[in-house]
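In my numbering, the protein residues as written are 48 to 546.
Using N, Cα and C, we set each Cβ at its ideal position, and we do this for glycine too.
Structure, as structure tokens:
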């Protein structure tokens, strides 16, 4: 998407020194967005939109830059710091594309130690060695949650192993075990969007809970989980009600355990509903389900499912590789941005730290992003990073930082992957239900963001004249609904498409 202009021109003789000064002045005007009649008209129009949709006491920051014409079109509080919500994912995923590359793959190794006898007995353990892969789930397997561990179990049988005398061990050591960020909302840690982060993860580190009413009022509702596993225990006290107005139920899990409590009422005529509950201890979750898959394939296991410990690291026993499975960074980036899946962003963040700094922690990953931002020419003291997904409200960045990032990524060799990962207006992802009308549909690719009190939108607009524009619209201090902030963002995007 590039704009080429061809115009007839007349040649004048201009003194060289004067020409240099003229070019310098012109460059300064372009870079600063110096007011021209065209710019003044655009500014007046966006000011009017801002006046119409900005709620009282909200904080708004806007940066709009024409990539095609290499100039700022509009700025409003563009250098002020804002809570950015899920727009933080733009920096996380861009850093991964730049530092790890489009071809990077997460690798999960299935290893063993000990000896395999001719009659199929393994006198030792099976080890799952993780790399932070976020894709061990049913997302790319038609919703079959256990597709990957079931495949592993089939491969184990193909190697002739029928009995395992040892344990099934999860090696999650590529990341630290700070599963949950200290600045995530404490009252929401069992929600899917607060799913824990781990070197070995499974099913987005959530369990799917499917509920449906009993056939009679007063009866306990039916509850099942995907996967069906002994790792979670359901305590069901939720009943069926004949009154639709009485329907209200909740799921609850205490910290540091995996008992899920259901209480309340589900309407008699309700269709089955799927809820998602974040679990505690992701590596043990995966190894438990894998052990169950092995047993489903009639492989006897005499040991237990557990997580690696220091004594495992110091045994000196040689590890042997059985096989490796992989998934791609590019598909992970698409899930993080298009679906705004925070779990994916945090897995990518810690992977950045582990690979680039040998530090698979939140802070280790942030150091890599800081290095990238420094290369964009932005001093470290001018912003603050706290996590990779934007769930923490302590992430504070400026609108201009986003347009600078978007300009850089548009010209990067992996620009195509980055752009395709973004939601498309009126078409898919978190923008599917916004900007659906012609001519706006499909002309905006942008990352949405929301946490309580904050609504953000940053990305690209392609105008009717094929001009490519990078923009960032950050709104903070919202009281109540974010609806008016979204109206503001959408109105500016509509204006840019047609200006």
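The alpha-carbon of residue 445 is positioned some 25 Å away from that of residue 88.
A straight-line Cα-Cα distance of about 16 Å links residue 471 and residue 539.
Ranked by Cα distance from residue 304, the first of 509, 277, 423, 311 is 277. Non-local beta-carbon contacts of residue 121 in its own chain, meaning distances under 7 Å to residues more than five positions away in sequence, involve 89, 90, 93, 109, 111 in chain order. Per DSSP, the continuous beta strand (DSSP E) segment holding residue 172 begins and ends at 168 to 176.
Here the C-alpha atom of residue 246 lies approximately 36 Å from the C-alpha atom of residue 524. Between residue 287 and residue 309, the gap from beta carbon to beta carbon reaches 9 Å or more.
For residue 468, same chain residues with a beta-carbon under 7 Å away, outside a window of 5 residues either side, are 140, 380, 381, 384, 385 in chain order. Ranked by how close their Cα comes to the Cα of residue 193, the residues 332, 133, 318, 258 have 332 in first place.
Put simply, the backbone Cα of residue 205 is about 25 Å away from that of residue 250. Segment contact: the region 427 to 444 against the region 153 to 170, fewer than three CB-CB distances shorter than 8 Å; contact not assigned. Close CB contacts of residue 456 within its chain, under the 7 Å cut and outside five residues either way in sequence, are with 141, 462, 465 (chain order). Burial is judged here by how many other beta carbons sit within 10 angstroms of a residue's own beta carbon; residue 528 has fewer than 16 and is exposed. Counting only residues of its own chain and dropping the five nearest sequence neighbours on each side, residue 421 has a CB closer than 8 Å to the CB of 427.
Runs of the beta strand (DSSP E) lying entirely within the region 390 to 422 and spanning at least 3 residues: none are present. Taking C-beta separations shorter than 7 Å and ignoring five residues to either side along the sequence, the partners of residue 500 in its chain run 523, 524, 525, following chain order.
Contact annotation: the region 353 to 360 touches the region 210 to 220, with at least three C-beta pairs closer than 8 Å. Of all C-beta pairs linking the region 311 to 320 to the region 284 to 300, three or more are shorter than 8 Å, placing the two stretches in contact. If you ignore the 5 residues before and after residue 210, its C-beta comes within less than 6 Å of the C-beta of 168, 347, all in its own chain and listed in chain order. In the DSSP annotation of this structure, residue 222 is not part of any alpha helix (DSSP H), being labelled neither H nor E. For residue 474, same chain residues with a beta-carbon under 6 Å away, outside a window of 5 residues either side, are 489 in chain order.
Rounded to whole angstroms, the Cβ separation of residue 196 and residue 415 is 30 Å, and the two are not in contact under 8 Å. Selection 503, 229, 297, 413 evaluated against residue 133 yields 503 as nearest (Cα-Cα). With respect to residue 107, residue 99 sits apart: the two C-beta atoms are not nearer than 9 Å. Looking at the DSSP output, residue 108 shares a beta bridge with 521. Under DSSP, residue 157 shares a beta bridge with 175, 370. If one requires a minimum length of 3 residues, the beta strand (DSSP E) runs lying completely within the region 192 to 252 are 215 to 218, in chain order. Only residues of its own chain outside the window of five on either side were considered, and among them 194 have a CB closer than 6 Å to the CB of residue 188, listed in chain order. Nearest Cα to residue 160 within the set 208, 191, 241, 397: 208. Judged by their CB atoms, residue 158 and residue 459 are not nearer to each other than the 9 Å cut-off. Cβ atoms of residue 153 and residue 408 stay farther apart than 8 Å, at about 18 Å. Nearest in C-alpha terms to residue 255, of all of 495, 430, 273, is 273. With contacts defined as CB atoms closer than 9 Å, residue 151 and residue 376 qualify as a contacting pair. In the three-state reduction of the DSSP assignment, residue 331 falls in the helix class.
In the displayed model, residue 272 falls within a strand according to three-state DSSP. Within a 10 Å sphere around the beta-carbon of residue 519 sit 16 or more other beta-carbons, which makes this residue buried.
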